[in-house]
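Engineer: First the structure, which I've put down as structure tokens, then a few questions once you've had a look.
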């Protein structure tokens, strides 16, 4: 089970799309982003918050988000690694906290090798909420102790996985975090054997 942004893909931070929220306290800004990613609010509500003098028309925000799709790209190490794991029989799923329309970008970048996606705005919850992990698990048809979670966030990915009895590996692309991998390439040696405990692909 892979996280997306910061793990398999790079993209613009959400805060870039709502600069008029900078007038709000940081906790309030984060609550708005969380509700946005959970699918609870959309452009209309976002425009009504913060400094409305700087807020764009709703359709302008929508176009900015669509343009942001072009900035979403898989890290260079990702396609060969996930392709190799898929060929070894591993079932792969992406679980990501993100907003509409970025799920389309993930499916474009990773969909050829993924067995499914758990997207926060479809699930109505954010990692580390167990509902996100459970939604992702349904794509795998496996028990928690058979699943390895790979992600960059200690809170959202690593601790969220452990709470459900899943193993985890942290990714830190800066290479600074102890006990973390800086790319997905080490997974090829860590998961070198065929996935004989996993369900057969249909």
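In my numbering, the protein residues as written are 1 to 202.
Yeah, the Cβ is synthetic: ideal placement off N, Cα and C, and Gly gets one too.
For clarity, every value in this text was computed on a predicted model and none was experimentally measured.
With a cut-off of 8 Å, does the C-beta of residue 80 fall near any C-beta of chain D?
Structural biologist: Looking at the structure shown, chain D is missing, and only one protein chain is on hand.
Engineer: Using 10 angstroms around the beta-carbon of residue 50, count the other beta-carbons present and answer buried if the total reaches 16, otherwise exposed.
Structural biologist: To locate residue 50, count along the chain shown from 1; it is residue 50. Its Cβ being crowded by 16 or more others within 10 Å, residue 50 is buried.
Engineer: Identify whether residue 94 lies in helix, strand or coil by the three-state DSSP scheme.
Structural biologist: Here the question's residue 94 lines up with position 94 in the chain shown. The answer is strand: DSSP assigns residue 94 an E or B state.
Engineer: Should residue 193 be labelled buried (16 or more other beta-carbon atoms within 10 Å of its own) or exposed?
Structural biologist: Numbered from 1 along the chain shown, position 193 holds the residue referred to as residue 193. That one is exposed.
Engineer: Can you list, in chain order, the residues of its chain whose CB lies under 7 Å from that of residue 140, leaving out five sequence neighbours each side?
Structural biologist: Mapped onto the chain shown, residue 140 falls at position 140. Excluding sequence neighbours, residue 140 sits near 91, 93, 115 and 147.
Engineer: DSSP three-state label for residue 108, please.
Structural biologist: Within the chain shown, residue 108 is the residue found at index 108, counting from 1. Helix.
Engineer: Report the rounded CA-to-CA distance for residue 23 versus residue 34, giving the unit in angstroms.
Structural biologist: Looking up residue 23 in the chain shown gives position 23. Looking up residue 34 in the chain shown gives position 34. Their backbone Cα atoms lie some 17 Å apart in a straight line.
Engineer: Spell out a yes or no on whether the region 169 to 178 and the region 118 to 135 are touching, meaning 3 or more CB-CB pairs, one atom from each, closer than 8 Å.
Structural biologist: Counting Cβ pairs under 8 Å, fewer than three are found: no touch.
Engineer: By a C-beta neighbour count over all protein chains shown, 10 Å radius and 16 as the cutoff for buried, is residue 18 buried or exposed?
Structural biologist: In the chain shown, residue 18 corresponds to position 18, counting from 1. Buried.
Engineer: By a C-beta neighbour count over all protein chains shown, 10 Å radius and 16 as the cutoff for buried, is residue 72 buried or exposed?
Structural biologist: Start at 1 with the first residue of the chain shown, and residue 72 comes out as number 72. Per the 10 Å Cβ criterion, buried.
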